[in-house]
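Numbering (this note's numbering), first residue to last: 16 to 159. All residues carry an ideal CB built from backbone N, CA and C; glycine is no exception. Just so you know, these numbers come straight off a predicted model, no measurement behind them.
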Amino acid sequence: MKRFMLVGAVSAGKTSLMQAIYDRDLSYHKTQAIDFKENIIDTPGEYLEQRFRYRSLGITAANTDLVVLVQSCTDLRCVFAPGLASMFAKPMIGVVTKIDIARSQKDIDWAVKNLKLAGCKQIFLVSNRDKTGIPEFREFIGMK
Ligand SMILES: Nc1nc2c(ncn2[C@@H]2O[C@H](COP(=O)(O)OP(=O)(O)OP(=O)(O)O)[C@@H](O)[C@H]2O)c(=O)[nH]1
Ligand SMILES: [Mg+2]
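#1: Touching or not, the segment 19-28 and the segment 71-79, by the rule of three or more beta carbon pairs under 8 Å?
#2: Under the criterion of a Cβ to heavy atom distance below 8 Å, does P59 qualify as lining ligand 1?
#3: Let me confirm a value: Y43 is counted as buried when at least 16 other C-beta atoms fall within 10 Å, else exposed. Which label applies?
#4: Would you check if the distance between the CB atom of V85 and the CB atom of A27 is smaller than 9 Å?
#5: Considering only the alpha carbon of each residue, which of E61, D145, K128 and Q65 lies closest to G108?
#6: Relative to the C-alpha of E61, which candidate in A126, V82 and S71 has its C-alpha closest?
#7: Taking 6 Å as the limit between beta carbons, can you name the residues of its chain near G148, skipping five residues before and five after?
#8: Any chance the CB of K121 is under 8 Å from a heavy atom of ligand 2?
#9: For L81, does the three-state DSSP call read helix, strand or coil?
#10: For R7 and V110, what's the separation of their Cα atoms in angstroms?
#11: If you draw a straight line from the alpha carbon of Q120 to that of T30, how long is it in whole angstroms?
#12: Would A35 and K159 qualify as a contact pair, given that the criterion is a beta-carbon distance under 9 Å?
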């Protein structure tokens with residue numbers, strides 16, 4: 016299984032994505048600090064939203080195979096700075112979350128475009144709630 020770090024805005028669905036791939040029921044708790052669980056590193060959204068914390072993300076990424084940018088299709092803010100890919104110096108893929116509650120296809124398309132602009136080559140569309148797209152993501156990361 017690939018070792019990866021989840022990065023995205025507050026409430027993007029990073030912790031929920033981790034719960035979904037482990038086939039657990041969603042249970043909300045705010046991520047307060049960088050959290051290492053087996054091969055997955057979950058990060059608090061503030062580490063992306065507050066630019067002075069970028070260094071911590073960059074250092075943590077050094078220990079991963081992959082950086083997974085997480086973007087909710089219900090949050091139309093641009094939180095990924097151009098050049099993020101060069102800071103991580105790791106392959107980057109994207110995950111669009113909350114497609115079960117997307118207001119329109121346009122919002123999903125916007126989220127995909129945002130992730131591509133940030134440097135993601137491959138993008139998965141998922142619902143952590145009804146598990147749409149989760150089997151494909153699990154297969155990609157090599158999870159049995
Ligand atoms: N409907 C729906 N809700 C989701 C989905 N993913 C996450 N949520 C909800 O969105 C809220 C925030 O999810 P989290 O996974 O805690 O978000 P996070 O990115 O870990 O946020 P921080 O830890 O604050 O950085 C929770 O109430 C989740 O239940 C999804 O795919 N669909
Ligand atoms: Mg979290």
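Per the coordinate set shown:
#1: yes
#2: Position 44 of the sequence shown, counted from the start, is the residue given in the question as residue 59. Yes, since a heavy atom of ligand 1 falls inside the 8 Å radius drawn around the Cβ of P59.
#3: Reading the sequence shown from its first residue, position 28 is the one you call residue 43. With fewer than 16 Cβ atoms within 10 Å of its Cβ, Y43 is classed as exposed.
#4: Within the sequence shown, numbered from 1, the residue matching residue 85 stands at position 70. Within the sequence shown, numbered from 1, the residue matching residue 27 stands at position 12. Yes; because the gap between Cβ atoms is below 9 Å, this pair is in contact.
#5: Here residue 108 is taken as the residue at index 93 of the sequence shown, counted from 1. Looking at the sequence shown, residue 108 is not Gly but Ile. Selected option, being the one with the closest Cα: K128.
#6: Within the sequence shown, residue 61 is the residue found at index 46, counting from 1. The candidate whose alpha carbon is nearest that of E61 is S71.
#7: Numbered from 1 along the sequence shown, position 133 holds the residue referred to as residue 148. Closer than 6 Å at Cβ, skipping near neighbours: F139, L140 and V141.
#8: Taking the first residue of the sequence shown as 1, we reach residue 121 at position 106. K121 Cβ: outside cutoff for every heavy atom of ligand 2.
#9: On the sequence shown, position 66 is the one that residue 81 refers to. Three-state DSSP puts L81 in a strand.
#10: Residue 7 lies beyond the residue range present for the chain, which begins at 16 and ends at 159; the question has no answer from this structure.
#11: Here residue 120 refers to the residue found at position 105 when the sequence shown is read from its first residue. Here residue 30 refers to the residue found at position 15 when the sequence shown is read from its first residue. Those two C-alpha atoms are separated by around 24 Å.
#12: Sequence index remark: in the sequence shown, residue 35 carries index 20 (1-based). Sequence index remark: in the sequence shown, residue 159 carries index 144 (1-based). No, the pair does not count as a contact, with Cβ atoms beyond the cut-off.
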